[in-house]
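One structure is given here, and the rest of the page talks about it.
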Amino acid sequence: MVLIFSLSSAWSLLLIILNLEPSKSANYILHTESLDHGHFWQSHKAASSIQVTTIALLLVVVGVYWYLLYLLLVQPPSHRIRPGEAKPRKRKILRRIPTVDKEGKQQRAWQRPVLLILRWLGRVVAKLYRSIVSADGKYRKVWHVLMEVPEVVLQILTLREYMAQGLDPSLLCCYASLMAFNAFVAFYGIQFRWNEATIHHILKDSIVDAVFAVFFPALVLFCSLSAFQDDLKTVKIRQRFFPPRMFERKARNYVNAKELDMFSTDFESLLGAMLLHSLESKRMLQRGLRAIVGFFFLVYGIGCIVYTVVAVHASRNACSSYPECVQFDYQWVPGAPNVACGCLAYVDRDLAPAESEELIDVTQTLAELASAGKLQTVQLVNRKINGSLPDTLQACRGLRNLVLIHTGVQVFPTWASSSFSKLEYLHIEGASSDADLMELPSDLFTSMTGLHTIHLSYHAYLPELPAMDGLEALECVYLGYLNSITELPSWGDLPSLQVVALEGLPQVRVLPGVEQYADSLEMFFVQDTPACCSGFLSQGDCNTSFPNCCTDDSSSLPPTCLVMPDEHNFIATNATLTVFNDFTANVSNFCDAAQATCPNAMTTLKFAEEDVCTGVLYRECSSESEGPGIGFNEDMGCVQCVHSQDLIDMRKAEISAGCTCDKVEEEWLGCT
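Structure below.
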């Protein structure tokens, strides 16, 4: 029992840490601090009120466990005074306390009737309490049976929550089996072990409660971690070889989306505390009533397993037509004709398309899955959305993650602001074509108070960005290759801002003031942007030798330079420059001339050689002009022959580390 209480106490303390810092906890456990500047997991914190309540309850649980440990270690049962064994001195003191009858003889009833009633009630309550709590109390076991009822209710609610979250079916069946085991233990105790010793009863129930409070959450955590190891190994290797640029090193984009979503679900399910508990008991129910109560627990235990298995089977059948629905809730209503697919995560990705392939149009599929209104994650890569998001997505008010990469979506509907109010992660990335994002509602971010990541890149014809004022939870902003953007939107008060990445903004001459974010800002990445040379950072002196501010006519300044003194108010303040000084020392992250491009430079046309990769990743290829290469999909685009020794070395390192490989296509890389 000491071990059980110690484990339960330690696990409750761990749950407190997970509630306070979920992302940092996941980074520490999986050693992913270096991925995406510590923002790989994007685990969201619960609301402050929920956090305070949960932590307070967990602290109470820890206190109870420590008290039980104290009773076991300092005052074991053999050293405690049992009823009827009080020392003579204490018995004398107890005899001196007047009873209601003696008090009535000593005093007149009309003198202090209220006090008499209160004393009588106090003795009744104390006697009832002793009959429930003491080892040989008359109603101890009755109380124990009654306390099974809230425990059963809590377990049912927890199971329903797990099913609604789309927890892995094997874990659902495991939890249902534990519920059945708990019910069978109660049935056995009521029917066959009613008169067993109290210490045995306490030990048995403590083990069962520890299974729910410690074993099952630990199993969930273990399954979450083990499912993700191979992908994490791959992205960590890629971080060593990819160029040190924010957009190419986005590790979150390269892992298995299904496993990432399942990890998030499993990990966040631990953040709700499992408070299984309570007083244990003794003595007599009538035999007939005991049989009825025991039979109830037996039926309940069998029903838990049956309902879970049937719900999993029915939900799988309902979603079998949508293999891209990688996570769905599990529901079953007895007597209902059909179960609709309650899809939670729709993930459809082609990470290695051939150049000649047409993108598959998934607009209708997205509309059908959104009709249930339960989508929480949508991730589409190299799939086509016809024009705008389907209107049925408006019903998905619980949407948390929206990732659209190379989908050709052009317009966000006006209802997105209100319907996506719970959005946390927004990633919209286009390609070098006309069919990219052209319009965003000006109030898109108005209601998204929980949004913590914005990624918008490769939208050459997007004219302006929505204001970001009031995004209290916003931590990361990635804006890149937006050729038509002339100025960045109003940022306002962003108290949680930690990472900013700006790249390929050929018309942006001024950066936002960052002095108010000095305490929270961890990374400010700026490359290939005229703000590096326009005079914004140098008191108005335009650096025309920097590629972004190049000019063909030496007699006049290029349009990317600030015009003095008319635009003097655009110059960075001393406070902003002080913050930027922390990042300018690392030119690989801040204004590197080698990474900048001149807008007036003429591109050199190259003879297009035949690409022998034909959409096959890591296939060996070569060029007469550039030498050996490897089939690779840069920026998740089409697979082409890329002449890069770093990519070849990267893939060799992945194969050496044990990552899966194609023995035919990758034999030249050492795959055996």
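Heads up: the sequence shown runs through residues -25 to -1, 1 to 647, numbered per mature numbering (1 follows the signal peptide of the UniProt record, and there is no 0). No residue lacks a Cβ here, since even glycine has one placed at the ideal position from N, Cα and C. All of these numbers come straight from a predicted model, not from anything done at the bench.
Burial state of residue i, where buried means 16 or more other Cβ atoms lie within 10 Å
i: P441; result: buried
i: Q620; result: exposed
i: F270; result: exposed
i: Y3; result: exposed
i: S(-20); result: exposed
i: W643; result: exposed
i: T572; result: exposed
i: G141; result: buried
i: V285; result: exposed
i: G276; result: buried
i: L90; result: exposed
i: H543; result: exposed
i: Q339; result: exposed
i: A406; result: buried
i: Y492; result: buried
Residue i to residue j span [Cα, whole Å]
i: Y321; j: K349; result: 11 Å
i: L(-23); j: V186; result: 13 Å
i: T421; j: M443; result: 8 Å
i: F467; j: L146; result: The sequence given here places Gly at residue 467; Phe does not occur at that position. Cα to Cα, G467 sits roughly 44 Å from L146.
i: L355; j: V301; result: 12 Å
i: L449; j: E601; result: 43 Å
i: residue 652; j: Y45; result: Since the first residue of the chain shown is -25 and the last is 647, residue 652 is not available in this structure.
i: D411; j: L431; result: 11 Å
i: I92; j: A193; result: 52 Å
i: N376; j: P540; result: 45 Å
i: C525; j: C613; result: 32 Å
i: T133; j: S152; result: 14 Å
i: L344; j: A568; result: 47 Å
i: T504; j: Y456; result: 10 Å
i: G445; j: L469; result: 7 Å
i: T647; j: C588; result: 21 Å
i: L34; j: L(-13); result: 8 Å
i: I630; j: P533; result: 49 Å
i: D143; j: Y305; result: 10 Å
i: F303; j: T7; result: 27 Å
i: L454; j: H288; result: 44 Å
i: L48; j: P125; result: 29 Å
i: S(-3); j: L(-11); result: 13 Å
i: G645; j: R626; result: 10 Å
i: S597; j: P603; result: 4 Å
i: E123; j: L129; result: 10 Å
i: K211; j: N608; result: 18 Å
i: M498; j: E(-5); result: 20 Å
i: V36; j: A506; result: 55 Å
i: V639; j: C316; result: 39 Å
i: Q502; j: T209; result: 27 Å
Bounding residues of the beta strand (DSSP E) (the contiguous stretch that carries residue i)
i: Y321; result: 318 to 324
i: S432; result: 428 to 432
i: S598; result: 595 to 598
i: L341; result: Run containing L341: none in the beta strand (DSSP E); it sits in the alpha helix (DSSP H), 338 to 345.
8 Å contact criterion, which residue i and residue j should meet: CB distance rounded
i: N523; j: T535; result: 6 Å
i: T367; j: A342; result: 5 Å
i: V489; j: E462; result: Wrong, their Cβ atoms sit about 16 Å apart, outside the cutoff.
i: E404; j: H427; result: Going by Cβ atoms, the distance from E404 to H427 rounds to 18 Å, so no, they are not a contact pair.
i: L472; j: L437; result: With a Cβ gap of about 22 Å, L472 and L437 do not count as contacting.
i: I280; j: A155; result: 5 Å
Opposing strand residues paired with residue i [DSSP bridges]
i: S471; result: Answer by DSSP bridge pairing: none, since S471 is not bridged.
i: C616; result: G606
i: H288; result: Looking at the DSSP assignment, H288 forms no beta bridge with any residue, so it has no partner.
i: R358; result: I335
i: S363; result: V386
i: A476; result: Y453, F500
i: H543; result: DSSP output for H543 lists no bridge partner at all.
i: N376; result: T352, Y400
i: F303; result: C318
i: F565; result: V501
i: E414; result: V386
Unbroken alpha helix (DSSP H) run spanning residue i, endpoints
i: residue 649; result: In the structure displayed, the chain extends from -25 to 647; residue 649 sits before or after that span and is not available.
i: I630; result: 620 to 631
i: L552; result: 549 to 559
i: L200; result: 191 to 201
i: A391; result: 391 to 394
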